[in-house]
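Protein chains in written order, with my numbering: chain A, 1 to 475; chain B, 476 to 950; chain C, 951 to 1425.
No residue lacks a Cβ here, since even glycine has one placed at the ideal position from N, Cα and C.
Notes follow the structure.
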Amino acid sequence: MQWKLSPDRCFSSDPAQRRLARTLYERVKRLPLFCPHGHVPPQMLADPTARFGTPVELFILPDHYVLRMLVSQGVSLEQLGIAPRDGGWYETDHRVIWQRFAEHFHLFRATPTGLWLATTLIELFGVEERLTAENAQRIYDYLQHRLTEPDFTPRALFRRFQIELLATTDTATDSLAAHRDLHVEGFGNVRPTFRPDALLALDAPDWRTQIDRLSTLSGVEVHDYHSFITAIEQRRAAFKALGALATDHGVETPYTAPLSNSEAETIFARAMRGTATTRDTARFTAHMLIEFARMSCEDGLVMQLHAGSLRNHHTALLTRFGPDKGADIPVATEWTRNLRPLLNAYGSDPRFRLILFTLDESSYSRELAPLAGYYSAVRLGPPWWFFDSVQGMRRYFDLVIETAGFYNTAGFNDDTRAFCSIPARHDVWRRVSCDWLARQVVEGLLTEDEASELAVELAIGLARRAYQWQMGNGT
Amino acid sequence: MQWKLSPDRCFSSDPAQRRLARTLYERVKRLPLFCPHGHVPPQMLADPTARFGTPVELFILPDHYVLRMLVSQGVSLEQLGIAPRDGGWYETDHRVIWQRFAEHFHLFRATPTGLWLATTLIELFGVEERLTAENAQRIYDYLQHRLTEPDFTPRALFRRFQIELLATTDTATDSLAAHRDLHVEGFGNVRPTFRPDALLALDAPDWRTQIDRLSTLSGVEVHDYHSFITAIEQRRAAFKALGALATDHGVETPYTAPLSNSEAETIFARAMRGTATTRDTARFTAHMLIEFARMSCEDGLVMQLHAGSLRNHHTALLTRFGPDKGADIPVATEWTRNLRPLLNAYGSDPRFRLILFTLDESSYSRELAPLAGYYSAVRLGPPWWFFDSVQGMRRYFDLVIETAGFYNTAGFNDDTRAFCSIPARHDVWRRVSCDWLARQVVEGLLTEDEASELAVELAIGLARRAYQWQMGNGT
Amino acid sequence: MQWKLSPDRCFSSDPAQRRLARTLYERVKRLPLFCPHGHVPPQMLADPTARFGTPVELFILPDHYVLRMLVSQGVSLEQLGIAPRDGGWYETDHRVIWQRFAEHFHLFRATPTGLWLATTLIELFGVEERLTAENAQRIYDYLQHRLTEPDFTPRALFRRFQIELLATTDTATDSLAAHRDLHVEGFGNVRPTFRPDALLALDAPDWRTQIDRLSTLSGVEVHDYHSFITAIEQRRAAFKALGALATDHGVETPYTAPLSNSEAETIFARAMRGTATTRDTARFTAHMLIEFARMSCEDGLVMQLHAGSLRNHHTALLTRFGPDKGADIPVATEWTRNLRPLLNAYGSDPRFRLILFTLDESSYSRELAPLAGYYSAVRLGPPWWFFDSVQGMRRYFDLVIETAGFYNTAGFNDDTRAFCSIPARHDVWRRVSCDWLARQVVEGLLTEDEASELAVELAIGLARRAYQWQMGNGT
C-alpha cells in the first residue's frame, strides 16, 4: 500500500469547516517561509560543498525529538550512534541504527515528529512506503542515493524551500565566520541571532573562558561589570552588522529584578574571582534581562525570551553525552510577577519589542495573553517545542486569541535544527491555523474576508512584523 | 456589504448539534436578564434625565477591554481621550478618538469585545456597515443621533433589555444615595452589592479616610477592631435594607486564616497609628474573609470572592491615569489550601453561600469544581473577565460540569460597566451554553428533555438560585 | 418513556468520525477487562457466599462520588446512611435513603457518575425507567429482587464481566487472608497490591501500631531503620508470592530526596520514640520513595505513584465519619523537580517501571508527558479520579499523546471500589479512546490500520504491558 499524506490532514472532518479550511490553505500554502528563530547550523549553508551525510546523520543524530522517544522505550543513545564522552562504544554502522529506528517507527504515531518525518520522507524525498523493519534497508539505500543528488544539497533545498529569512541562533561569543561568509556572498536571507546565555552563567566552570573569548572578539578587555556591558554592546553591534534582527535568551525562570550599579559590580567581581554563587547567577541574570531590554531599545534588536525548560534533567545523560539529547523537561513558569520590573521599565517603550515563549500552557490564557494584550512591546511567540504540534497549536489559538487578539502574536517559527523538516513544520502551522480560522467562520465569529486576510497574517505577515522585517530586506 | 450577525453564531457547524442548539436557544433567548454582579453606575438609572453622552463616552472611555487592546498596539491613553492626572494633554475631540478606534477595529477580530461591540452596534443601534476608517464619521453621526432619541436613555434601555435584576458593586463606604433614590422610586430591580475591599487595605494611604467615612456613615465611631466589626455589620444591614443580595470581595490571593481577637486588635491598632505593614494587611485580610463568611451566615448576604488579579501591573499607568485602564494581569491562584480555614468553619453551614471566581483556568478542574462538588455553601461563578468569551465558556463547561455538576454552578453574570453590552453578553452565554448542551445530547450524554431544562437553568435559574433571589422580589 | 443508552454515546456527532469510532469500538468492546489498579475488597470475591446487600449498600454507601454530590447540595451524610463515629443518629431505612438519592438523581447529569450509574442500572440490572422520585420504590424493589438472584453474586458478576485481572489495593500490614484463600482456590486473576503509605506516616497516632503489625506479619522485629527496610522487603516478597504485580503509593506531593543512612536512622529513631515531626515525615517519605524504587528494581514490582490529593480537606467530616467520604481535594503538583532525584537514580534502569497519576491536569503536557517521553522507566497512568470522565479522557489524549506517544502510557484502570461499575468504566474509556482515534484518522493524522491496532492497545494491550502481565498468567 502506498504511503500517502491526506491532502486534508490537520483539517476538521466537519464538511463546512473543511471546505473553507482548504480554500484558506490554498491561499497560503505556497507563500515563502519566514524562519525568524531556529537552530540550523549556518556552516551548512555557508559552505557550498556541504552535504547532509547519511540518512542517520540527517534524520536521527541531530534530532532530540527522535532520540528521546526511542530512549523512552529503552533504546540507548549508544545504540543510536551518539558517541559517549568517555570514549566508550557506540554504534557506528548507520544501517544498523536506521534499522533500529524503523523498528520503532510506530512510537511516533500521532506525534508531530511522526508528521514531520512522514511529510519530509514523502513530499521531499519521494518515499512511497511507510518505514518498517522490512523495508528499512531499501529505504536507506533510496535516501542515501537521493542525498547524493545535486538537488539535495543544503543550498539547493534552501532555494527550493523558498526561505525568505532564516535566522540561526549563535552564542554571543561565536566568531560569526559562517555568517560573514554568507554576508560577503550576498546571502542576505540567512541571519545570526545574538544569544548571550553563557555569559550570564557566572558560576559555570567555563564562564571565564567565555569572558576571555568575549574580550578577544569584542576588542574590549572585560575586567569589570562596566567593560562587560560595553563588550556585549559591541558584540550586538557586530551581530547587527551581519543582519541580526533579534537576540534570544533562554532561562529557567523569567525572573527580572534590577541591581544597582554597585551590586552588579560586586557580583561581577566575585564571578571574576571564581567565587560567584548560584544565587549571584540568578540575581545577575534577573538584572541582565532588564539590561538587554534597554539595549534592545537602543539598537532595535528584537528580544526573544524562552523560559521554563529545566535543562539536562538527567545528570548522568549530560555527563555521558552532553546537552540537547532530549532530557530537558518543562517546569511551571510565573510571568506576571517575574516580568513586572522589566515591563514597568520598557514594556511601553515604542522602540522595544519582546517576544515571549512558554512551555507552561497554563500561562497562555492566565498571564501571557493578558500581558501581550496590554504592553505595546510584547508579542506572544508561537507554541514552542512540545507544543509545536497540531493539538498544541489549537490550544494556543483557543487560549490566546480571545484575549490578545491576532495582532499581538508573533506568527510562526520552526525553531528547528532539522533543516529538512522546515517546510513540514510551516505546513502544519498553516494547515492548523487555516482550520482554526475556518472554524471561527463557520461558527459565525469571523467573516470569510477577515479569515482570508488573517490566514496570510498567520502564515507570514505577523512574523515579519513581529521581527520588524523590512520586505526586500533579504537577497 | 451589509454588516450582519450570523443567526447561528457560537453554534457548532455540525448539523445535528447546530439544529438542537437552535432549538434550545429559541427556548431561552427571550428570557429576562438576571445580572447579579456587575459595575453599572447606579446614578445612570437613578437620574431619569441621564444620557449616555457621545459614542466615545459610551463605547470607549469606560471600557478597559477596549482601551487595553488599543494600548497594546501602541495607541496611548491620551490619544483615546483619557485625562492624565498630571493635567497633561489628552484628546478631547471625540470624533478624532472614534476615528482612531475605527482604524484599529480589526484588532478585535475573534475576541469577545469584538463580538459584544458588533452585537450592540448591529442589534441595538441598527448599524449596517462594519466600522472602518472610511465610514467612521458617518457611523459616529448616526450613533450620536440615536443617542439623543428617547428610546436610547439608560432607563428606556433598562426596560427594553428586560432586566429582572441588576446588582451594582458599591464600596462599603458608598453613601448609597443613588440606590436610596431608586428604592424610594420603587425601582426594585436595581440593588447594591457590599464591597469592603478598601477597608482591608490597612497600609494604603487613604485607609484612614475610609475608616472615618465608615464611622460617619455607620454612626459607629470606629476606634478599635471591635467597633470596626460593628460598623461593618451596620453597613451590611444598610445595604441589605436597600435590597442587597450579596457582598463582593476582590483579593489577589484567597488566603484565609483566623486571627485571635487580640491579634486582630493589635494589627488594627497598628493600622490606626499608621504603622501597619504589608504583612499586617495580608493577615488581616485573611482573617476578615472568615469574618465576612460569619456575617453572611448571620445576615444571609451571599458572599462573592473574586481572586487572582494582580491589579495595576503597570505602575506608571496607575500613577498617570488611575486604576481600571486595562493593566490588571492574572496570577496563578491556589484555592484548596487557602480556603480551607474558611470552609472548615462555614463551608457546610446551611445559611452560608460562597461564590468563587477565578482567573486561573487551571484551578477549574483541579480545585474549584472539586470544592463546589463537596461543600454545600460553595457555588462556582461563571467564567470571569478574560474568560467571559466563547472559548472561555466552552472550557469552563468542559472542565467544571463533570466534577461539580450543573447545580453547583452559579449561572451567568455579565460583570460589566458597559451597560449597553449587557444583552450581548448574556446572549453569548446563552448561545454557548445551548451549544454545549446540544453537544452532550448528540453525543448521548444527556437527553433532550434534560438539555431543555438545563438550558433554562443556565440562562437564568441557576443564577437566581445561587443568589437566593425570590421571584417577584423585584418591582 | 424507556430509559435507554445511546448506542453512540461518547462518540462525536460528525458522521465520518462516528462511523469510524463505531467500527473501532466494535473491535474492542468485548475484549476482557484488565483492572490493574482498584479498590474492590478481596473478601467479596474470596467468600463464595458473599452478597451485595441492598441497593443502597451497593450503589450509595461505598461510593464517595455519589456521597459528595449529594452533600454538595445540602444532604447530610447521616441522611445518606453513613454512621457517625460518635454514635449519633443516622438513617438506617434504606428505602428512605434510596428515595433521597432518587430525588437528587438530576445532580448527576453530564457527570461520569451519572453515566456509570445509568450504564450499570440499564445494562447490568435491566432497569427500564430513569430513576425518579416517583418510581424510586418500585426500582428499589426490582433491584433488591435481582440482587438475590444467583447471577448477581460478586463471583457470578466477576465471571460475567470477563475480568482478566483484578488487582486490589492492600495496606502493607494487611494479613492478605482473603488473597491467600483466593490463591489456594486457584483464583489467579485476583491479585493484591502493596500499599505502604501508613508505614511512612511517622507522626500519625497509630504509626507504632502499624510498625508492631509489620513486625508480627513479617517476622522481622522492627527496631531501627535497617530492620524496617528488611521487614518491608519481606512483606513485598509475601505480596509477590500471592501474585502482586505492583506497589502503590499515595502522596500529597511527589517530593523525592535521599537521606544518608545515618539521617534515615536518626529520623526513624525519633519516630520510634514518638517524637517525629511533620518535617521528619516529609523527609522520610521523600527518601522512602527512592528506596521503593530501588526495591522495585530488585523484585520487579511495578511502582505506582498517585500524587496531588489533599486528603480530608474537611476536618469535621473526618472526625465525624472517617476518610473516603468525598472531601479529598486536589492541589497543584510539581513533578519535574520533585521526581528528579528518584529518576536520576532509577529512571533509566531497565528493571524499573514507574506509573504516574496526577490530579493536576496542567502537569500532563508540561511535565508528565515530557518525563514519560524520555525516561524508559516511566509510564503515564490514565486520567485519574475526577478525570476518569469523557471530557477528562479527551483532554488527556489531547495533552499527552503528541509528546509521550501512545506507548509511554499505561492504558486504563478503573480505580473503583464500586465493583458493579467496572464494565461501565472500561466502556467509557473504550468509547472515548476509539472516538479519539477516529478523529485522528478523519483528520489525516493516523491511518485506519494504525487506529485499529491502537484501539486494542488502549483497551487492553498497553495496560498489560505497563504492568508486565504475562498472558495466561491468571487462571
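- Note on the region 634-670 of chain B: whole beta strand (DSSP E) runs with a minimum of 3 residues are 638-642, in chain order.
- In the structure shown, CYS960 of chain C falls within a coil segment according to DSSP collapsed to helix, strand and coil.
- With respect to the 8 Å criterion, ALA271 of chain A and LEU214 of chain A are not classified as neighbours on the basis of their beta carbons.
- Using beta-carbon distances, PHE1137 of chain C does not count as an interface residue toward chain A, since no partner is under 8 Å.
- Listed along chain C are ASN1294, each with a C-beta nearer than 8 Å to that of THR315 of chain A.
- For LEU115 of chain A, the enclosing alpha helix (DSSP H) starts and ends at 112-119.
- By alpha-carbon distance to ARG940 of chain B, the top candidate from B:LEU640, B:LEU921, B:ALA807 is B:LEU640.
- Between LEU720 of chain B and ARG666 of chain B, the gap from beta carbon to beta carbon is short of 8 Å.
- Taking 8 Å as the upper bound for CB-CB distance, GLU185 of chain A and TYR225 of chain A are not in contact here, some 38 Å apart.
- Of the candidates C:ASP1385, C:ASP1299, C:GLN1184, C:HIS1256, C:HIS1256 places its Cα closest to the Cα of THR1119 of chain C.
- Contact between LEU399 of chain A and TYR364 of chain A holds, with the beta-carbon distance rounding to 4 Å and staying under 8 Å.
- Per DSSP, reduced to three states, the secondary structure at ASP63 of chain A is coil, with no helix or strand assignment.
- In this structure, DSSP gives VAL378 of chain A an extended state, which the three-state scheme calls strand.
- For HIS698 of chain B, the number of other beta carbons within 10 angstroms of its own is below 16, and it is reported as exposed.
- The region 1171-1219 of chain C contains, as complete alpha helix (DSSP H) runs of 4+ residues, the segments 1175-1191 (chain order).
- Near chain C, meaning a CB-to-CB distance below 7 Å, the residues of the region 318-331 of chain A are GLY326, ALA327, ILE329, PRO330, VAL331.
- Chain A has no Cβ within less than 8 Å of the Cβ of PRO898 of chain B.
- Excluding residues up to 5 positions away in sequence, THR1123, ALA1148, LEU1149 lie with their Cβ nearer than 7 Å to the Cβ of GLN1160 of chain C in the same chain.
- Membership of CYS297 of chain A in the alpha helix (DSSP H) is indicated by the continuous run 278-299.
- In this structure the region 856-866 of chain B touches the region 575-587 of chain B; the number of beta carbon pairs closer than 8 Å is three or more.
- For ILE1047 of chain C, the secondary structure class from DSSP, reduced to helix, strand or coil, is helix.
- For a cut-off of 8 Å, the C-beta gap from ALA418 of chain A to PRO62 of chain A is around 6 Å, short enough to register as a contact.
- Per DSSP, ILE422 of chain A is one residue of the alpha helix (DSSP H) stretching across 422-442.
- The beta carbons of ALA761 of chain B and ALA732 of chain B sit closer together than 8 Å.
- In this chain, PHE1347 of chain C is not harboured by any beta strand (DSSP E); it is covered by the alpha helix (DSSP H) spanning 1340-1354.
- Among the residues of chain A, those whose CB is under 7 Å from the CB of GLN866 of chain B are ASP398, GLU402, following chain order.
- Flagged as an interface residue toward chain C: VAL71 of chain A, by a C-beta distance shorter than 8 Å.
- Inter-segment contact for the region 501-516 of chain B and the region 918-925 of chain B is absent: fewer than three beta-carbon pairs are separated by less than 8 Å.
- Closest by C-alpha distance to ILE638 of chain B, out of B:TRP810, B:GLU932, B:LEU508, is B:LEU508.
- Neighbours of ASP723 of chain B across chain A, judged by C-beta separation under 9 Å, do not exist; the nearest C-beta is about 21 Å away.
- Boundaries for MET1 of chain A: no beta strand (DSSP E) harbours it, and the DSSP string shows neither H nor E there.
- Chain-ordered listing is empty here: chain C has no CB closer than 7 Å to the CB of ASP86 of chain A, the nearest sitting near 16 Å.
- The straight-line gap separating the alpha-carbon atoms of TYR90 of chain A and ILE97 of chain A is approximately 10 Å.
- Remark: C-beta atoms of PHE1356 of chain C and GLU1407 of chain C approach each other more closely than 8 Å.
- Beta bridge pairing from DSSP links PHE1307 of chain C with C:HIS1256.
- Close CB contacts of ARG394 of chain A within its chain, under the 7 Å cut and outside five residues either way in sequence, are with VAL432, TRP436 (chain order).
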